[in-house]
Amino acid sequence: MEKVILVTGANSGIGLALCERLLCEDSRLQLCLACRNMQRAEAARSALLTSHPDAHIDLLHLDVGSVRSVLHAAHKVKARYNRLDYLYLNAGIMPNPQIDIKAFFKGLFSSNVVKMFATAEGLLTQQDRVNKDGLQEVFATNLFGHFVLVRELDSILCQAGQTSRVVWTSSSNARRSAFSLEDVQHRLGTEPYASSKYASDLISLALNRHNNSQGLYSSVICPGLVMTNLTYGILPSFFWTLIMPIMYLIRIFTHTFTLTPYNGAGALSPWIRGQSITV
Ligand SMILES: NC(=O)C1=CN([C@@H]2O[C@H](COP(=O)(O)OP(=O)(O)OC[C@H]3O[C@@H](n4cnc5c(N)ncnc54)[C@H](OP(=O)(O)O)[C@@H]3O)[C@@H](O)[C@H]2O)C=CC1
Ligand SMILES: CC(C)=CCC[C@@H](C)[C@H]1CC[C@H]2C3=C(CC[C@]12C)[C@@]1(C)CCC(=O)C[C@@H]1CC3
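52 is the number that our numbering gives to position 27 of the sequence shown; each next residue is one higher, with no gaps.
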């Protein structure tokens, strides 16, 4: 039986590079690209087929920021496949990011400089908004939609005699102090991204506690700082290109500067790392 792998947010950045790397590892697997924009999904599929012409690549319409879309997509997945070996929860957003320039220069001359570059602690804020479901958009997209997806797919993720794995694309920016149980959606704060990523780390732990006995294992992985549409939303691409030599210098001090989607995606596949997931 060929492995079935579903990747959310597969049409660009780390998600697309992950698909490429997975196909390089095993071109026979059944890959399902779950994307909110079908045109971009088609383009990603074509790009993957260029390098892997015989690959089995399906498309699935999924807007993880919409509960209705998630329920509909989960229904389709269950109708299409009778197993799901890997579920990569990768789609994510960081809307309207703002860098605190003062904090950046203060951090630059402090003993916390390496940590600042690795985690962006104290450097970044975002402006969130309420979506059509009445949820905070960052929470809904990065966490809640994915959580609903896992719950809805439990009949094919938790099957007797079979092991399935859920892999969350988390972040070194995940921070406990940004998350509060009294405000899980981060309605009141200015770091919804850090909060949502910390919450995904917690959910992953809870999933392991509840589902390991049924053969479902969850992991969180930070791909490092990678140049993608997400980071081009923080600083324009020409600026990143300009500071690239500095970035390679910083890379000597922090392994988190993976920089390319290909490198970042390398952390996400246990086959690529040549390791099995340990819980
Ligand atoms: N880049 C980095 O340095 C880091 C990124 N990450 C995480 O990696 C993941 C991938 O991000 P990255 O590749 O960098 O950024 P990209 O913006 O390139 O990719 C994000 C992907 O998520 C999709 N997406 C966003 N919102 C939704 C939605 N509502 N429904 C379905 N798909 C959606 C995007 O689709 P569309 O093209 O339609 O917008 C896109 O395919 C994210 O979870 C991010 O938080 C973690 C650590 C560092
Ligand atoms: C000289 C130089 C490299 C300047 C860039 C400063 C900041 C823009 C970056 C320093 C640490 C970065 C970082 C991220 C974004 C850009 C920085 C704040 C992330 C928050 C991007 C998304 C993540 O999930 C984690 C990253 C941590 C590090």
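Even glycine gets a Cβ: it sits at the ideal position worked out from N, Cα and C.
On a predicted model such as this, the values are computed, not experimentally measured, just so you know.
Would DSSP call residue i helix, strand or coil?
i	result
G40	helix
T52	The sequence given here places Ser at residue 52; Thr does not occur at that position. The answer is coil: DSSP assigns S52 none of H, G, I, E or B.
A59	strand
I126	helix
R154	coil
R93	helix
D79	coil
L47	helix
H100	helix
L85	strand
E216	coil
R108	coil
Which two residues bound the contiguous alpha helix (DSSP H) that contains residue i?
i	result
R65	63-76
By the DSSP assignment, the beta strand (DSSP E) with residue i in it spans what residues?
i	result
Y111	111-114
V32	29-33
Quick one: complete beta strand (DSSP E) runs, 3+ long, within the stretch 218-304?
-> Whole beta strand (DSSP E) segments, 3+ residues: 241-246.
Contact between the stretch 283-296 and the stretch 38-46 (3+ Cβ pairs under 8 angstroms) = yes
Cβ pair count under 8 angstroms reaching 3, the stretch 103-111 against the stretch 172-186 | yes
Contact the stretch 119-131 vs the stretch 261-270: 3+ CB pairs below 8 angstroms | With a cut-off of 8 angstroms, the stretch 261-270 and the stretch 119-131 do not count as touching, because too few Cβ pairs lie within range.
Sufficient close CB pairs (3 or more, under 8 angstroms) joining the stretch 76-83 to the stretch 127-141 | Cβ pair count under 8 angstroms is below three, so no.
Below 8 angstroms, can you find three or more Cβ-Cβ pairs linking the stretch 184-200 to the stretch 226-242?
-> Touching, yes, given that three or more Cβ pairs across the two stretches are closer than 8 angstroms.
Given 8 angstroms, three or more beta-carbon pairs between the stretch 54-67 and the stretch 27-37 = yes
Start-end ranges of the beta strand (DSSP E) lying completely within the stretch 128-205, minimum 3 residues | Listed in chain order, they are 189-194.
Quick check: the stretch 236-246 against the stretch 161-172, are there 3 or more CB pairs under 8 angstroms?
-> Segments in contact, no.
Do three or more CB pairs link the stretch 247-255 to the stretch 150-157 at distances below 8 angstroms?
-> no
Examine the Cβ distances between the stretch 210-225 and the stretch 267-285 and report whether three or more of them are shorter than 8 angstroms.
-> no
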